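Colleague: Each step along the sequence shown adds one to the number in this note's numbering, with nothing skipped, and position 111 is 870.
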Amino acid sequence: MRSLAKASPQVTKPTKSKKEDYYPFVFNDVMGLEKDAGVCVEDIKLAMKGHVKNGYTFNPISSLSENNQHYNRDPSLNDRVHVLLREVRLAARDMGIPEIGILTRIDETCPEVGKDIQNVYKSKHLKKKIEEVSGELGFPPSCIFPVKNFHSEIDTNDDTDTLILSALTRMIESGEDFVNDL
């Protein structure tokens with residue numbers, strides 16, 4: 760799937776689960792939900808329900824119709840979204856899809872975390888920020904994960920990797936729980 764808005768390309772990376780199965784992850788970065796730009800909200804809802812076939816180009820002006828070749832009339836379980844990483848919350852909540860928030864740039868948000876990433880769970884400032892995000896988004900602080908963005912580093916850092924992998928692990932577990940409860 761592509762957006763007509765400026766966005767990074769789709770990346771698919773298989774990830775191994777505990778049961779020796781592979782999970783296909785597709786991270787899509789699309790422009791926000793803005794009038795006449797980005798993606799139509801209705802297209803996001805259709806994608807969450809599995810009605811959008813691979814190869815569809817999102818159009819900011821009109822949404823996917825049932826007579827379009829990229830409309831999936833009979834989506835399988837694999838076609839549907841199992842974990843929601845960003846917004847379009849009301850439709851997702853109505854569908855029972857787990858909601859997870861990612862609080863990025865924590866090193867820029869909090870100077871003590873900027874000095875030492877291991878201060879992430881000691882920081883009162885970050886705790887307050889997570890509580891603010893929780894209040895704004897309407898889901899518990901335990902579903903909001905702080906991460907430090909990699910942007911100019913040459914080498915990886917175990918502490919930074921741990922935060923990102925912790926968030927990804929929770930996403931996988933939430934998605935697996937959701938699928939198992941269907």
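Every residue, glycine too, gets a C-beta built ideally from N, C-alpha and C.
Source: prediction; values computed, not measured.
(1) Can you give the Cα-Cα distance for LYS804 and ARG839, rounded to whole angstroms?
(2) Given that a residue counts as buried once 16 or more other Cβ atoms are within 10 Å of its Cβ, and exposed if not, what is ASP802?
(3) What did DSSP end up calling THR868 once you bin it into helix, strand or coil?
(4) Which term fits PRO857, buried or exposed, when burial requires 16 or more other beta carbons within 10 angstroms of its beta carbon?
(5) Please name the residue or residues paired with PRO905 in a DSSP beta bridge.
(6) Applying the criterion that 16 or more other CB atoms from any shown protein chain within 10 Å of the CB defines a buried residue, is HIS810 buried or exposed?
(7) On the three-pair Cβ rule with 8 Å, is the stretch 918-937 touching the stretch 887-900?
(8) Taking C-beta to C-beta, are THR919 and PHE909 nearer than 8 Å?
(9) With DSSP as the reference, label VAL879 as helix, strand or coil.
(10) Can you tell me which of the three DSSP states ILE919 falls into?
(11) Just to check my reading of the structure: VAL798 and THR863 have Cβ atoms closer than 8 Å, yes? What is that Cβ distance to the nearest angstrom?
(12) Do you know whose CA, among PRO834, ILE913, ILE861, lies nearest LEU927's CA?
(13) Please say whether MET930 and ILE859 have beta carbons closer to each other than 8 Å?
Modeller: Looking at the coordinates:
(1) Position 45 of the sequence shown, counted from the start, is the residue given in the question as residue 804. Position 80 of the sequence shown, counted from the start, is the residue given in the question as residue 839. Inter-residue distance for LYS804 and ARG839 is about 10 Å (C-alpha atoms, whole angstroms).
(2) For this step, residue 802 is matched to residue 43 along the sequence shown. Burial call: buried.
(3) Residue mapping note: residue 868 aligns to position 109 of the sequence shown, counting from 1. Residue state, collapsed to three classes: helix.
(4) By 1-based counting over the sequence shown, the position of residue 857 is 98. It is buried - the Cβ of PRO857 has at least 16 other Cβ atoms within 10 Å.
(5) By one-based count along the sequence shown, residue 905 stands at place 146. Answer by DSSP bridge pairing, in chain order: LEU862.
(6) Locating residue 810 in the sequence shown gives position 51, where the first residue counts as 1. In summary, HIS810 is buried, with 16 or more beta-carbon neighbours lying within 10 Å of its beta-carbon over all protein chains present.
(7) Under the 8 Å Cβ criterion, the stretch 918-937 does not count as touching the stretch 887-900, having fewer than three qualifying pairs.
(8) Mapped onto the sequence shown, residue 919 falls at position 160. Mapped onto the sequence shown, residue 909 falls at position 150. Yes; because the gap between Cβ atoms is below 8 Å, this pair is in contact.
(9) Within the sequence shown, the letter at position 120 stands for residue 879. Looking at VAL879 - three-state DSSP - the assignment turns out to be coil, as it is neither helix nor strand.
(10) Within the sequence shown, residue 919 is the residue found at index 160, counting from 1. It is Thr, not Ile, that sits at residue 919 in the sequence shown. In the three-state reduction of the DSSP assignment, THR919 falls in the helix class, which pools H, G and I.
(11) The residue given as residue 798 occupies position 39 in the sequence shown. The residue given as residue 863 occupies position 104 in the sequence shown. Between VAL798 and THR863 a beta carbon distance of about 20 Å is seen, past the 8 Å cut, so the two are scored as non-contacting.
(12) As a first step, residue 927 must be located in the sequence shown, where it is residue number 168. For LEU927, the closest C-alpha among the options PRO834, ILE913, ILE861 is that of ILE861.
(13) Stepping through the sequence shown from its first residue, residue 859 is reached at position 100. Stepping through the sequence shown from its first residue, residue 930 is reached at position 171. Yes, the pair counts as a contact, with Cβ atoms nearer than the cut-off.
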